[in-house]
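Enquirer:
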Amino acid sequence: MSLQHTPRPRWLTFDCYGTLIQWDEGLRAAVREILETKRGSDIDPAQVIAVYDRHEHALEQTPPHRSFREVAGVGLRLALAELGLAGDERDESDARILTDRISAMPPFPEVVDTLRRLKQDGYRLCIVSNTDDDVIAGNVAQLGGYIDRVVTAQQAGAYKPARQLFDYAHRELGVTPEEVVHICASPHLDHAAARDIGFRCVWIDRATGRTLLPDYTPDATLSTLDQVPTLFATLGW
Numbered sequence: 001m002s003l004q005h006t007p008r009p010r011w012l013t014f015d016c017y018g019t020l021i022q023w024d025e026g027l028r029a030a031v032r033e034i035l036e037t038k039r040g041s042d043i044d045p046a047q048v049i050a051v052y053d054r055h056e057h058a059l060e061q062t063p064p065h066r067s068f069r070e071v072a073g074v075g076l077r078l079a080l081a082e083l084g085l086a087g088d089e090r091d092e093s094d095a096r097i098l099t100d101r102i103s104a105m106p107p108f109p110e111v112v113d114t115l116r117r118l119k120q121d122g123y124r125l126c127i128v129s130n131t132d133d134d135v136i137a138g139n140v141a142q143l144g145g146y147i148d149r150v151v152t153a154q155q156a157g158a159y160k161p162a163r164q165l166f167d168y169a170h171r172e173l174g175v176t177p178e179e180v181v182h183i184c185a186s187p188h189l190d191h192a193a194a195r196d197i198g199f200r201c202v203w204i205d206r207a208t209g210r211t212l213l214p215d216y217t218p219d220a221t222l223s224t225l226d227q228v229p230t231l232f233a234t235l236g237w
């Protein structure tokens, strides 16, 4: 697909973690900190993250809906147990380290200036994210005040890739799917929704090893967010 000959969007929506915020880097740092509290642990943080991701995504899609803090805590506890690092289930310190570090994760270097440029070009900007309001607040506070709206899984009662989160966001923004362009880094979560709902999608491929879905190709692929204003200018937007 291509963005050529499509109308200028009324809103730009963004995935937060991995697109605007340094998710992979921050998650590795959080897991390293957690592993330092586990005596005798020489497990690679990447292994913990892979197991955690599997449990987190499964929990997000398993009824009833849970807060992200609960999902993250349970997912982390299951991952540590699977890797032989189980602790006292009443001890929530690992989960606090994880969610506190997520909330403090900074933006990628080019992000704030790019958001400023997009605002100057007249776009309205909304984050659509698989998280809780209080978790993402720390990240949004680092984005220069350029974000107009934040829609979370907590508000919608659903997590990506389920379409309910995007349907909720579009209703809140007062737009149809055709009136937005979504900018994201996660094929598994965001591209699946773009495929199923039909909104336009720009993939920020930061060379983290994420691969495209076999049945979906984004409308444009860029390596960093600061390429977005240039792309839109070539489209006459």
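With the first letter of the sequence shown counted as 1, position 122 gets the number 122 in full-length UniProt numbering; the numbers rise by one all the way through.
For every residue, glycine included, the Cβ atom is placed at its ideal position computed from N, Cα and C.
Between Gly174, Arg116 and Trp11, which has its C-alpha nearest Cys126's C-alpha?
Expert: If we check each option's Cα against that of Cys126, Trp11 comes out closest.
Enquirer: What does a CB cutoff of less than 6 Å around Val128 pick up in its chain, not counting 5 residues either side in sequence?
Expert: The residues are Thr13, Val151 and Ala169.
Enquirer: Quick one: any contact between the region 152-171 and the region 40-48, if contact means 3 or more CB pairs under 8 Å?
Expert: No, the region 152-171 is not in contact with the region 40-48.
Enquirer: Find out if the Cβ-Cβ distance for the pair Gly84, His55 is shorter than 8 Å.
Expert: Against a cut-off of 8 Å, the Cβ pair of His55 and Gly84 comes out as no contact.
Enquirer: Taking all protein chains shown into account, decide if Gln154 is buried (16 or more other Cβ within 10 angstroms of its Cβ) or exposed.
Expert: Looking at its Cβ environment, which holds 16 or more other Cβ atoms inside 10 Å, Gln154 is buried.
Enquirer: Taking all protein chains shown into account, do 16 or more other C-beta atoms lie within 10 angstroms of the C-beta of Asp132, making it buried, or fewer, making it exposed?
Expert: Counting Cβ neighbours within 10 Å, Asp132 comes out buried, since at least 16 surround it.
Enquirer: For Thr221, report the span of its beta strand (DSSP E) as first-last.
Expert: Ala220 to Leu222 is the span of the beta strand (DSSP E), which, as asked, contains Thr221.
Enquirer: With three or more beta-carbon pairs closer than 8 Å as the criterion, would you say the region 175-183 touches the region 192-204?
Expert: At 8 Å Cβ cutoff, the stretches touch.
Enquirer: So the beta strand (DSSP E) Trp11 belongs to, where does it begin and stop?
Expert: Start and end: Trp11 to Phe14.
Enquirer: Would Phe108 and Leu35 qualify as a contact pair, given that the criterion is a beta-carbon distance under 8 Å?
Expert: No, Cβ-Cβ distance for Phe108 and Leu35 is not below 8 Å.
Enquirer: Following the continuous beta strand (DSSP E) through Arg149, name the residue where it begins and the one where it ends.
Expert: Unbroken beta strand (DSSP E) run through Arg149: Arg149 to Thr152.
Enquirer: Runs of 4 residues minimum, wholly inside the region 92-144: which ones carry the alpha helix (DSSP H) assignment?
Expert: Runs found: 93-104, 111-120 and 133-140.
Enquirer: Which parts of the region 152-184 are runs of the beta strand (DSSP E), unbroken and 3 residues or longer, counting only runs that do not cross its ends?
Expert: For the region 152-184, whole beta strand (DSSP E) runs of length 3 or above, ordered along the chain, are 180-184.
Enquirer: Report yes or no: do three or more beta-carbon pairs, one from the region 90-106 and one from the region 18-37, lie closer than 8 Å?
Expert: As far as the Cβ criterion goes, the region 90-106 touches the region 18-37, which means the pair count is three or higher.
Enquirer: Between Ile204 and Ala185, is the Cβ-Cβ spacing less than 8 Å?
Expert: Cβ distance < 8 Å, so Ile204 and Ala185 count as in contact.
Enquirer: Within the continuous alpha helix (DSSP H) that includes Arg77, where are the two ends?
Expert: Its alpha helix (DSSP H) spans residues Phe68 to Glu82.
Enquirer: Can you find the residues in the same chain that come closer than 6 Å, C-beta to C-beta, to Ile21, ignoring five residues on each side of it along the sequence?
Expert: Excluding residues within five positions, the ones whose Cβ falls inside 6 Å are Met105, Pro107 and Asn139.
Enquirer: Under 8 Å between the Cβ atoms of Val51 and Leu118?
Expert: No, these two residues do not count as a Cβ contact at 8 Å.
Enquirer: According to DSSP, which residues form a beta bridge with Ile21?
Expert: In the DSSP output, where bridge partners are listed per residue, Ile21 has Tyr17 and Pro107.
Enquirer: So who's on the other strand from residue 238, going by DSSP bridges?
Expert: The structure shown does not extend to residue 238, since the chain spans only 1 to 237, so no value can be given for it.
Enquirer: Report the three-state DSSP secondary structure of Ile197 (helix, strand or coil).
Expert: It is helical.
Enquirer: In terms of residue numbering, what span does the alpha helix (DSSP H) encompassing Asp53 cover?
Expert: Unbroken alpha helix (DSSP H) run through Asp53: Pro45 to Glu60.
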